[in-house]
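When the letters of the sequence shown are read in order and numbered with this note's numbering, they come out as residues 116 to 382.
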Amino acid sequence: MRARAWLGATIVNAVASWKGAAVAISEHIEARLYKGSCDCGLPCMALRAVGGDGFCVEASASLGFRGGVKSSSAVVNASLLAFLRYRGVHDPSPRFIVDVNARVGIEAGVSVTGAADDAYASLLGGVVVVDNRRRVVVKRYEPPRDTLVVLLKPRGVNRLWPPCRPELRGQAARVAERAWEEALEGRVFEAVRLNWEAYRGYLCAPLEPVRLALEAGALAASLSGLGPVYEAFVEEDAVERVVAAWRALGEVTVVRLESRPVCCLTG
Ligand SMILES: Nc1ncnc2c1ncn2[C@@H]1O[C@H](COP(=O)(O)OP(=O)(O)OP(=O)(O)O)[C@@H](O)[C@H]1O
Ligand SMILES: O=C(O)C1=C[C@@H](O)[C@@H](O)[C@H](O)C1
């Protein structure tokens, strides 16, 4: 039995204020379920949480990028969907999956808030604006049209958690709340810009990638999740310029935004 879940990009990181927004990208993680004892980390923890002892998954990603593209949420979603499908549950409630995802992510130490925003985007597609504390989708809408996302994995930058300047948390949370309000109003690029303002100091994120992307014509750029991956939202005619600007900094790839839910979810 196999199932897929979308990878994603950050619009508003929830770690400071518990309010987040994310968008699905057209790349996925596929989980293949098989019988057998295993120690496969996060996917195994997910299966155990729903009574799937004695099962394991082999997970493969369509994107060679990790660290900010919601891999942990997607691998748990795909594992749960595969197992539930095997058990005959073809349209599980997103809320159920997101609850398990949040519990497992926190227990495994790969998530701070439970990352319900990431998990919903990975299941539902589109842009989701989420209250991560209540694990509720406050708004979901189509991603911006004619916009691509350029991703950068900068050489020499590691995941930026825990924050290097924890004393800036309050300030980060205030700006992130404003970013979240922008996302709620459908102003995705403004939300991404404010997300960068909120987190760059708190996480000591190198400034160069965002500066170069904006100079090359990106609509908005920020850190995706807790990094190290950076994202730039770009209209088609500026993609090559942003890719060229980023190439010297590390590994670069271009992805599309995804508006469709993963297969078989009815809401
Ligand atoms: N394909 C996979 N198979 C098994 N486990 C995975 C896979 N992808 C991610 N994980 C698990 O998720 C953890 C975090 O993944 P990663 O470092 O890619 O962060 P991320 O989820 O992309 O980050 P963010 O939450 O900031 O978007 C990994 O340490 C691993 O435990
Ligand atoms: O660990 C977490 O709770 C999170 C991590 C990042 O992916 C964020 O983008 C997300 O909003 C929350």
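Where is the CB? At the ideal position from N, CA and C, for every residue including glycine. Remember, it's a predicted structure, so these values are computed and weren't measured experimentally.
Presumed contact (8 Å Cβ cut-off) between residue i and residue j, rounded CB distance
i                 : j           : result
valine 252        : valine 243  : 5 Å
leucine 364       : proline 269 : 5 Å
valine 172        : alanine 197 : 6 Å
leucine 275       : leucine 318 : 4 Å
phenylalanine 170 : lysine 150  : 6 Å
Element boundaries [alpha helix (DSSP H), containing residue i]
i            : result
glycine 220  : 209-223
alanine 193  : 186-201
arginine 163 : 157-164
serine 237   : 231-239
Where residue i falls, given that 16 or more other Cβ within 10 Å makes a residue buried
i                 : result
phenylalanine 211 : exposed
glycine 382       : No answer about glycine 382 holds up, because its pLDDT of 41 lies below 50 and its placement is not dependable.
asparagine 273    : exposed
glutamate 351     : exposed
glycine 229       : buried
glycine 156       : exposed
glutamate 297     : buried
alanine 353       : buried
valine 367        : buried
proline 324       : buried
arginine 315      : buried
arginine 308      : buried
Sub-8 Å separation of residue i and residue j beta-carbons
i                 : j             : result
valine 349        : leucine 267   : no
serine 177        : histidine 143 : yes
valine 127        : alanine 291   : yes
tryptophan 121    : glutamate 346 : no
glycine 342       : alanine 320   : yes
asparagine 310    : threonine 125 : yes
tryptophan 295    : serine 188    : no
serine 237        : glycine 123   : yes
valine 357        : serine 141    : no
glutamate 222     : serine 175    : no
alanine 161       : valine 227    : no
glycine 224       : serine 339    : no
alanine 139       : glycine 301   : no
phenylalanine 304 : alanine 328   : no
alanine 360       : aspartate 232 : no
arginine 117      : valine 377    : no
lysine 254        : leucine 322   : no
valine 215        : valine 165    : yes
arginine 284      : proline 278   : yes
leucine 239       : proline 258   : no
Residue span of the beta strand (DSSP E) that contains residue i, given as start and end
i             : result
serine 141    : 134-150
arginine 375  : Arginine 375 -> no beta strand (DSSP E), and no H or E assigned at all.
alanine 131   : No beta strand (DSSP E) holds alanine 131; DSSP gives it neither H nor E.
glycine 123   : 117-127
alanine 176   : 170-176
aspartate 246 : 242-246
Closer than 7 Å: residue i CB and nearest ligand 4 heavy atom
i             : result
aspartate 233 : Judged by which ligands are present, ligand 4 is missing from the structure shown, whose ligands are ligand 1 and ligand 2.
Next item on the list: Jot down the residue ranges of each uninterrupted alpha helix (DSSP H) in the stretch 296-355, minimum 4 residues, whole runs only, in chain order.
Entry: 303-317, 323-330
Next item on the list: Quick one: which unbroken alpha helix (DSSP H) runs of 4-plus residues sit fully inside the stretch 250-302? Chain order, please.
Entry: 284-299
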